[in-house]
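Residue numbers (our numbering), protein chains in the order written: chain Z, 1 to 104; chain H, 1 to 201; chain Y, 1 to 619.
Every residue gets a Cβ at the ideal spot worked out from N, C-alpha and C, and that includes glycine.
See structure below.
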Amino acid sequence: MAEHSEPQEHQGSAHPTAATYVAIFAVLLIITIVEVGVFYVPAFHGVLAPVLLTLSALKFTLVVMFYMHLKFDHPLFRTIFTLPLLIAAAVIIALLFLYGVFRL
Amino acid sequence: MSHAAAAHYTSTGLDSRKIAFWTFIGSECLLFGSLIATYLVYEGRSVSGPTTHEILNIPLTSVSTFDLLMSSLMMVLALAAVQRGDRLWARIWLTLTALMGTVFLGFQAFEFTHFVHEGLGFTTNLFGSTFFTLTGFHGGHVFVGVVWLVTLLVRSFQGKLGPEKALNVEIAGLYWHFVDVVWIVIFTVVYLIQTTPLPAS
Amino acid sequence: MSQATATPLHNAPAVPIAPTGLWSWITTTDHKRIGLLYGFTAIFFFLVGGLEALFMRLQLGAPGNSVVSAETYNQLFTMHGTTMIFLAVMPLSSAFFNYIIPLQIGARDVAFPRLNAFSYWVFLAGGLLLNASFVAGPLFGADRLSVAPNGGWFGYANLTSSLQYSPGPNIDFWVLGLQILGIASLAAGFNFITTILNLRAPGMKLMRMPVFTWMSLVTQFLVVTAFPVITVGLVFLMLDRIFGTTFYDVSSGGDVILWQHLFWLFGHPEVYIIILPAMGVVSEVLPTFSRKPLFGYAIVVYSGVLIGVMGWGVWAHHMFSTGLGPVADTVFSATTMLIAVPTGVKIFNWIATMWGGRIHLTTSMWFAVAFISSFIIGGLSGVMHSSPPADLQQTDTYFVVAHFHYVLVGGAVQGLFAGIYYWWPKIFGHRLKEGVGKLHFWLMFVGMNLTFFPMHFSGLLGMPRRIYTYGPELGLDTLNLMSTAGAFLTGLALLVFVYNAWASRHEPKVGKNPWAAATLEWAISSPPPVYNFSVLPTVTSRLPLWTEHGVSEIPDTPPGPMHVPGGSHWPLMTALGVLVMAVGALQHHHFVPSLVTVLAGLGVVVVSVYRWAFEPFEV
């Protein structure tokens, strides 16, 4: 671990600008419209779940990486967040298997 | 090392409050993860009463979802304003964030009362129990967030939210974005992915 | 305004001392005082839990006994388990986290001293609420000694969720008490993770930290990830009981097994939360009294981390008899067998630490060695459970009781006593008496084995758990009598310890490092000054006091003025608000008074949190 005597405000060279934030929002907006669209278009119903999960995972990642600044912050924060997130995901998936929601 | 320096020494160079808050967010992943897991394993098991298809209002919830997403943008702009010492825009963006959070709560309140009128109460069936508990916990978190934002707003009007206090706003922002991110998951798995009922076992 | 009997000390004499008086203890934010509060409270509840056990063993000492009724017995075993786990062993570990971790990493205090105080006061509130149930019967129109929690420490639905099967306030006390305790643990988790990651002295890299601190870090990660899951399970239980939701109601499509999943998703990490700190203690004690560094430090650390992570993957081994199906059974059987591996690795490393060392059999060392042997026995019976077909015979019998008491009492408790005897001189400035200590140890070791070893046999002979009596035709009389005798011997051992604590107060004062140990806490006076370190030390070795120039010089008096944070009463007030909310929820059958009380408590919490947030407080 690097040694520091004063707390640093924020690290990271590429700090997002307001324009970046608005652009991220536009992407989030578009993805959400696509998601709702997929919901309403009957042709997509076969792949509804995988498509929606992928799209929402993308939104999740964008908000966490950019709005919550994880992409630009010290890697420690990424570790602190990712470990519990993985456990939570594993718990959800394990319970879905145990309850026969996926047929094995 | 002087005493003053020793008192503020950290081994990572990062602020302890930020580390603690990310740890808290990690634990919240497990809280909402358990609620979501329960909702998912119980989906389609209600014996009677209204279920997802009959009662969820996708257009309305899409609007509230946009509202919450936009509030995250407001929040991030509020933080930027505080960081550069821009008193006016800090107050504007903070107000807008809190406002949009309140609007989201309004949508939730409308949805909940509408559902009750349509015959879906907290104890009507399994769907009612799991749905209201999950979205209720989320709404409770939004409410706390709004109170937090209003507190920051008051501090700003008292002239006590300068750039040196940016971390306070950053941490409020982490909370707010996380609540938004949980909603992204809820909107997808509860509203958009409505599985058909499982065959009776 | 932060309250302190000591004045803010910027302009004060250079050497601050700890304030005195009751108010200074109530408002303390000093990790050493909070550690002492935890320790004394934990020992008190340990005695309470022990008393509950003695009543149980009296009842089971002979077949067809009538020392207590079935209803009372249910309360006894429920409270015994709940008390020992949540009010005795975990807080005793917390006492060490609080007192020792900042000293081991070279810090002045934890990252959030007021949050630390809040954890203690909320824990106390939870313990008091749970035990108030013993006398609260008349408040609910029932007899005394009839409304204590009685659904087992694991509270299985739908016994606990149905108002038909659990009509009284017993389970409400349990649910609310555990929720309160969960708040205490979570707050401490955030605090200690931050402290360990962020307040290590210069040079104290993660892989230079003492193993006790490492195991504590893993433990706190388990706490902050596992407690939210039980919180959710308990919320569902509370909603079913208070509002009539159907989370655990089968006729509405719910599933009682969901409770078991949520409980054991928490419950299995919980047992690692219990054992890892004791493993950390043993990893400190063994090297010190073998005059040899820990064998394979890195492996021991990684094994601890692995145990923590893998601990998330084994929970359903508590559910082998619930009909999960062959695939689930197989998966969890495999993961359970695998988790024995890192534990075994640690055991070999501990043995290798002692091998070839110059062994000093102090009381602390005896407890540490006994930890190893007892944990091996408990681990072996544990791995026997990992086979589902074998477990179908063992589950719900005394064989399981034997297993977990070997790892909990033989393991965690003996390990923590090793820590008590080890760190007592650091905390109080004098050693516990060695002769009395050895007596304590042998009484406890013999007592524990006499109590629990026969249970392997009575369990395999078919004696079920949680029964208040048994018939003479089962042939279990002698085994049960042996267990009862052992239990009283163990109780005697506890009394000997309490005597030791009192009688040793005039033992000779010790210096900084009475055991000639290696880690940082032994570099400062015994007891430490209120500010711990007069200057932040710089560390260049994992064994700072066993290495030439391993730690920079720490002057006995501070070179300049020192600031020590004052106290605050807002953590206590916030805890009080939480308690009021819980008491309000207990009255849920009378809706309006209940709601009013809950809201009043919430008001206290909100006001206290705001005052806490805005009071001037400098670490």
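Worksheet item: Based on the DSSP secondary-structure assignment, which residues constitute the bridge partners of proline 464/Y?
Response: Thr397/Y
Item to complete: Whole angstroms is fine: what's the gap from glutamate 270/Y's alpha carbon to glycine 379/Y's?
Response: 16 Å
Worksheet item: Taking buried to mean at least 16 other C-beta atoms within 10 Å of its own C-beta, is aspartate 556/Y buried or exposed?
Response: exposed
Fill in: Neighbourhood of leucine 54/Y by C-beta distance below 8 Å, restricted to the same chain and skipping five residues each side
Scanning its chain for C-beta atoms nearer than 8 Å, with the 5 sequence neighbours on each side dropped, one finds around leucine 54/Y the residues Ala487, Phe488, Gly491, in chain order.
Discussion item. Judging by CA-CA distance, which residue of Ile55/H, Ala20/H, Thr97/H is the nearest neighbour of glycine 119/H?
Written reply: Closest by C-alpha distance to glycine 119/H, out of Ile55/H, Ala20/H, Thr97/H, is Ile55/H.
Worksheet item: Using a Cβ-Cβ distance under 9 Å, would proline 84/Z count as near chain Y?
Response: yes
Worksheet entry | Simplified DSSP assignment, three categories, for threonine 547/Y | coil
Worksheet item: Does the distance from the C-beta atom of phenylalanine 428/Y to that of threonine 362/Y stay below 9 Å?
Response: The answer is no: Cβ separation not under 9 Å.
Worksheet item: Under a CB-based cut-off of 9 Å, is glycine 603/Y close to chain Z?
Response: no
Item to complete: Thinking glutamine 75/Y and alanine 148/Y are a contact (beta carbons under 8 Å), I'd like their distance in whole angstroms, please.
Response: 4 Å
Worksheet item: Between the segment 74-105 of chain H and chain Z, which residues of the former have a C-beta closer than 7 Å to a C-beta of the latter?
Response: Within the segment 74-105 of chain H, the qualifying residues are Val76, Leu77, Ala80.
Fill in: Stretch pair the segment 431-439 of chain Y + the segment 496-511 of chain Y: three plus CB contacts closer than 8 Å
yes
Practice prompt. Determine the closest residue to histidine 590/Y out of His506/Y, Asp143/Y, Asn198/Y, Leu139/Y, with distance taken between C-alpha atoms.
Written response: Leu139/Y
Worksheet item: Which residues, taken in chain order from the segment 294-314 of chain Y, show a beta carbon closer than 7 Å to some beta carbon of chain Z?
Response: Trp312
Discussion item. For valine 64/Z, would you say it is in contact with chain Y, using Cβ-to-Cβ distances shorter than 9 Å as the test?
Written reply: no
Worksheet item: Buried or exposed: which applies to glutamate 9/Z, given that a residue is buried once 16 or more other Cβ atoms fall within 10 Å of its Cβ?
Response: Interpretation of glutamate 9/Z is limited by its pLDDT of 46, a score under 50 that renders its predicted location unreliable; the figure taken from the coordinates is listed afterwards. Classification of glutamate 9/Z: exposed, given that the 10 Å Cβ count is below 16.
Worksheet item: Taking buried to mean at least 16 other C-beta atoms within 10 Å of its own C-beta, is asparagine 11/Y buried or exposed?
Response: Confidence in asparagine 11/Y is poor, its pLDDT being 45 and thus under 50, which makes the residue's placement unreliable; the coordinate value appears in the next sentence. With fewer than 16 other CB atoms across the displayed protein chains lying within 10 angstroms of its CB, asparagine 11/Y is exposed.
Worksheet item: Is it the case that the CB of valine 229/Y approaches a heavy atom of the ligand FAD more closely than 8 Å?
Response: Although the ligand FAD was asked about, the structure shown includes no ligands whatsoever.
Practice prompt. Compile a chain-ordered list of the residues in the segment 323-334 of chain Y whose CB is closer than 8 Å to at least one CB of chain Z.
Written response: Leu324, Val327, Ala328
Worksheet item: From isoleucine 359/Y to phenylalanine 173/Y, what distance separates their C-alpha atoms?
Response: 48 Å
Practice prompt. Would you give the residue range spanned by the alpha helix (DSSP H) that isoleucine 92/H belongs to?
Written response: Bounds of the alpha helix (DSSP H) holding isoleucine 92/H are 87-117.
Practice prompt. Put alanine 12/Y into one of helix, strand or coil per three-state DSSP.
Written response: Because alanine 12/Y sits at a pLDDT of 47, beneath the cut-off of 50, its placement in the model cannot be relied upon, and the following sentence gives the value as read from the coordinates. Three-state result, alanine 12/Y: coil.
Worksheet item: Can threonine 620/Y and phenylalanine 192/Y be called in contact, C-beta distance under 9 Å?
Response: Past the edges of chain Y, shown from 1 to 619, lies residue 620/Y, and the structure says nothing about it.
Worksheet item: For lysine 509/Y, which beta-bridge partners are listed by DSSP?
Response: Lysine 509/Y pairs with His430/Y.
Worksheet item: Who are the neighbours of leucine 35/H on chain Y, taking C-beta pairs under 7 Å?
Response: Val232
Item to complete: Decide if glutamate 6/Z is buried, meaning its Cβ has at least 16 other Cβ atoms within 10 Å, or exposed.
Response: With a pLDDT of only 41 at glutamate 6/Z, under 50, the local geometry of the prediction cannot be trusted, and no value is derived from it.
Practice prompt. Would you list, in chain order, the members of the segment 177-188 of chain H that have their beta-carbon closer than 8 Å to a beta-carbon of chain Z?
Written response: His177, Phe178, Asp180, Val181, Ile184, Val185, Phe187, Thr188
Fill in: CA nearest to the CA of tyrosine 120/Y, picked from Ser364/Y, His569/Y, Ala582/Y
His569/Y
Worksheet item: Who are the neighbours of threonine 225/Y on chain Z, taking C-beta pairs under 7 Å?
Response: Taking a Cβ-Cβ cut-off of 7 Å, the neighbours of threonine 225/Y in chain Z comprise Pro84, Ile87, given in sequence order.
Worksheet entry | Own chain residues within Cβ distance below 8 Å of isoleucine 58/H, not counting five before or after | Tyr191, Leu192
Practice prompt. Taking valine 146/H as the query, report the chain Y residues whose CB atoms sit under 8 Å from its CB, ordered along the chain.
Written response: None at all; the shortest Cβ gap to chain Y is about 14 Å.
Item to complete: Counting only the same chain and skipping the five closest in sequence on each side, list residues whose C-beta sits under 6 Å from that of alanine 88/Y.
Response: Answer for alanine 88/Y: Ala42, Phe45, Phe46, Gly49, listed in chain order.
Practice prompt. Could you confirm whether any beta carbon from chain H is found closer than 9 Å to the beta carbon of serine 251/Y?
Written response: yes
Worksheet entry | Rounded separation between glycine 237/Y and serine 129/H - CA only | The question names glycine, but residue 237/Y in the sequence shown is leucine. Whole-angstrom Cα-Cα distance: 12 Å.
Worksheet item: In chain H, what lies closer than 9 Å to proline 228/Y by C-beta?
Response: Ser27, Glu28, Cys29, Leu30, Leu31, Phe32, Gly33, Ser34
Discussion item. To the nearest angstrom, how far is the alpha carbon of glycine 419/Y from that of methionine 279/Y?
Written reply: 10 Å
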